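*Asks:* Taking numbering that gives the first Met the number 0, the leading residue of the sequence shown gets 0, the next gets one more, and so forth.
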Amino acid sequence: MLNSWRFSPIYFTFVKSGLQIMNEIVETKDGSHSLKSDKFNQTYHSVHGAIAESEYVFIEAGLNFASKNKDELTIFEMGFGTGLNAFLTAVHGSDQKLKIHYETIEQFPVQTHQIEGLNYGELIEKGQHAALFKAIHQTEWEKATPLNKYFTMLKKQCSLTDYRSEPDVVDVIYFDAFSPNAQPELWTVDVFRLMFEMLKGGGVLVTYCCKGVVRRAMQEAGFEVEKLAGPPGKREMIRATKP
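#1: For Asn68, count neighbouring Cβ atoms within 10 angstroms of its own Cβ and tell me buried if that reaches 16, exposed if not.
#2: With a threshold of 6 angstroms on Cβ separation, who are the neighbours of Tyr162 within its own chain once the five nearest residues in sequence on each side are excluded?
#3: Count Cβ pairs between the segment 164-171 and the segment 196-213 that sit closer than 8 angstroms; are there 3 or more?
#4: Just tell me which of Gln127, Gly92, Phe79 and Cys157 has its CA closest to the CA of Gln106.
#5: Can you find the residues in the same chain that come closer than 6 angstroms, C-beta to C-beta, to Ile50, ignoring five residues on each side of it along the sequence?
#6: Could you check the C-alpha separation between Glu235 and Ala60 for me, to the nearest Å?
#7: Using a 10 Å radius around the Cβ and a threshold of 16 neighbouring Cβ atoms, would you call Glu76 buried or exposed?
#8: Indicate the three-state DSSP secondary structure (helix, strand or coil) for His136 in the structure shown.
#9: Look at the alpha carbon of Lys226 and the alpha carbon of Cys208, and state the distance between them as a whole number of angstroms.
#10: Residue range of the alpha helix (DSSP H) that Ser53 falls in?
#11: Give me the Cα-Cα distance between Ala89 and Ile123, rounded to the nearest whole angstrom.
#12: Could you give the distance in angstroms between the alpha-carbon of Leu153 and the alpha-carbon of Gly232?
#13: Is the separation between the beta-carbon of Asn147 and that of Ser93 shorter than 7 angstroms?
#14: Measuring only the C-alpha atoms, how far is Glu245 from Met217?
#15: Do Pro179 and Val56 have their C-beta atoms closer together than 7 angstroms?
#16: Answer yes or no: do Val203 and Val171 have a C-beta to C-beta separation smaller than 7 angstroms?
#17: Do you know offhand how far Gln127's Cα is from Glu121's?
#18: Can you give me the C-alpha to C-alpha distance between Leu185 and Phe150, rounded to a whole angstrom?
#19: So what's Glu165 in DSSP terms, helix, strand or just coil?
#20: Reducing DSSP to helix, strand and coil, say where Phe57 ends up.
#21: Shortest alpha-carbon distance to Phe86 belongs to which of His112, Leu117 and Arg215?
#22: Between Gln95 and the rest of its own chain, which residues show a CB-CB distance below 8 angstroms, the 5 nearest in sequence each way excluded?
#23: Using a Cβ cut-off of 7 angstroms (strictly closer), state whether Val169 contacts chain B.
Next comes the structure, spelled out in structure tokens:
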């Protein structure tokens with residue numbers, strides 16, 4: 000565990016629509032990596048601990064909460080990013096013998112050479128699942144792929160505007176977009192109505208963001224919104240339920 004976070008001297012560049020974007024690997028307080036997006040001027044995960052945040056917000060408050068008395072779940076992730084949430088979900092699902100159908104979208108996929116610089120595979124359970132982390136990123140986009148007997152994954156490269164889903168099919172939504180300051184268009188009533196329609200009755204949406212404007216947008220979309228204690232470095236988070 001580190002006493003402070005710091006920027007690692009590792010930089011990556013790629014070109015998207017003619018714009019050169021630089022991502023920088025940073026080491027967060029729990030020793031796990033994140034990327035700092037030059038495009039959005041934000042890190043992909045909390046600087047107080049990338050793995051700690053993902054475990055707390057998405058695994059504990061989302062996956063574990065929704066999987067009680069169930070042996071199968073469908074999960075949708077808004078923002079595939081570094082693949083950390085998918086990786087932890089696959090590990091936990093296998094450990095619990097929980098069958099998971101995982102669908103995720105990403106408009107700006109992280110490049111392969113960037114992913115290879117991240118340390119998640121070696122940190123989780125002493126590197127036992129490093130091959131699984133690689134497999135998550137090596138699977139084809141737009142194709143549902145079973146990665147083991149419990150975890151099937153479908154990655155789609157698209158914006159939320161272009162994404163289409165059947166209604167009432169999802170048990171858990173991991174809402175992991177960049178913050179409302181960086182991507183305000185993803186934290187609106189219309190977006191949360193789309194999320195609401197995707198969920199089954201009793202399904203939940205979890206996110207790290209607990210701003211008043213976000214809570215009110217969720218409530219207007221039909222959600223019952225619950226404020227939970229937040230992960231390290233954050234006072235609160237949200238779990239929203241479709242009645």
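Backbone N, C-alpha and C fix where the C-beta goes; we use that ideal spot for every residue, glycine too.
Here the structure is a predicted model, which means the values were calculated and not measured.
*Replies:* Once the coordinates are examined:
#1: For the purposes of this step, residue 68 is taken as residue 69 along the sequence shown, with counting starting at 1. When all chains shown are included, Asn68 counts as exposed.
#2: Translated into the one-based positions of the sequence shown, residue 162 becomes position 163. Within the same chain, and ignoring the five residues on either side of Tyr162 in sequence, the residues whose Cβ sits closer than 6 angstroms to its Cβ are Ile104.
#3: Because the criterion of three Cβ pairs below 8 angstroms is met, the segment 164-171 and the segment 196-213 touch.
#4: As a working note, residue 106 is residue 107 in the sequence shown. Closest in C-alpha terms to Gln106, from the list Gln127, Gly92, Phe79 and Cys157, comes Cys157.
#5: Numbered from 1 along the sequence shown, position 51 holds the residue referred to as residue 50. These residues qualify, in order along the chain: Asp29 and Ser31.
#6: Sequence index remark: in the sequence shown, residue 235 carries index 236 (1-based). Sequence index remark: in the sequence shown, residue 60 carries index 61 (1-based). About 12 angstroms.
#7: For this step, residue 76 is matched to residue 77 along the sequence shown. Buried.
#8: The residue labelled residue 136 in the question sits at position 137 within the sequence shown. DSSP, reduced to helix, strand and coil, places His136 within a helical segment of the structure shown.
#9: Here residue 226 refers to the residue found at position 227 when the sequence shown is read from its first residue. Here residue 208 refers to the residue found at position 209 when the sequence shown is read from its first residue. Lys226 and Cys208 have their C-alpha atoms some 10 angstroms from each other.
#10: Position 54 of the sequence shown, counting from 1, holds the residue named residue 53. Element bounds for Ser53: Ala49 to Ser53.
#11: As a working mapping, residue 89 is identified with position 90 in the sequence shown. As a working mapping, residue 123 is identified with position 124 in the sequence shown. If you take the alpha carbons of Ala89 and Ile123, they lie about 12 angstroms apart.
#12: On the sequence shown, position 154 is the one that residue 153 refers to. On the sequence shown, position 233 is the one that residue 232 refers to. Computed Cα separation, rounded: 32 angstroms.
#13: Position 148 of the sequence shown, counted from the start, is the residue given in the question as residue 147. Position 94 of the sequence shown, counted from the start, is the residue given in the question as residue 93. Yes, Cβ-Cβ distance for Asn147 and Ser93 is below 7 angstroms.
#14: The structure shown does not extend to residue 245, since the chain is modelled only from 0 through 242, so no value can be given for it.
#15: Your numbering for residue 179 matches position 180 in the sequence shown. Your numbering for residue 56 matches position 57 in the sequence shown. No; because the gap between Cβ atoms is not below 7 angstroms, this pair is not in contact.
#16: For this step, residue 203 is matched to residue 204 along the sequence shown. For this step, residue 171 is matched to residue 172 along the sequence shown. Closer than 7 angstroms, so yes.
#17: Along the sequence shown, read from residue 1 onward, the residue named residue 127 stands at position 128. Along the sequence shown, read from residue 1 onward, the residue named residue 121 stands at position 122. Computed Cα separation, rounded: 8 angstroms.
#18: By 1-based counting over the sequence shown, the position of residue 185 is 186. By 1-based counting over the sequence shown, the position of residue 150 is 151. When rounded, the distance between both Cα atoms is 27 angstroms.
#19: Here residue 165 refers to the residue found at position 166 when the sequence shown is read from its first residue. Per DSSP, reduced to three states, the secondary structure at Glu165 is coil, with no helix or strand assignment.
#20: Position 58 of the sequence shown holds residue 57. Secondary structure at Phe57: helix, using DSSP grouped into helix, strand and coil.
#21: Taking the first residue of the sequence shown as 1, we reach residue 86 at position 87. Comparing Cα-Cα distances from Phe86 to each of His112, Leu117 and Arg215, the minimum goes to Leu117.
#22: By one-based count along the sequence shown, residue 95 stands at place 96. Excluding sequence neighbours, Gln95 sits near Ser66.
#23: In the structure shown, chain B does not exist; there is a single protein chain.
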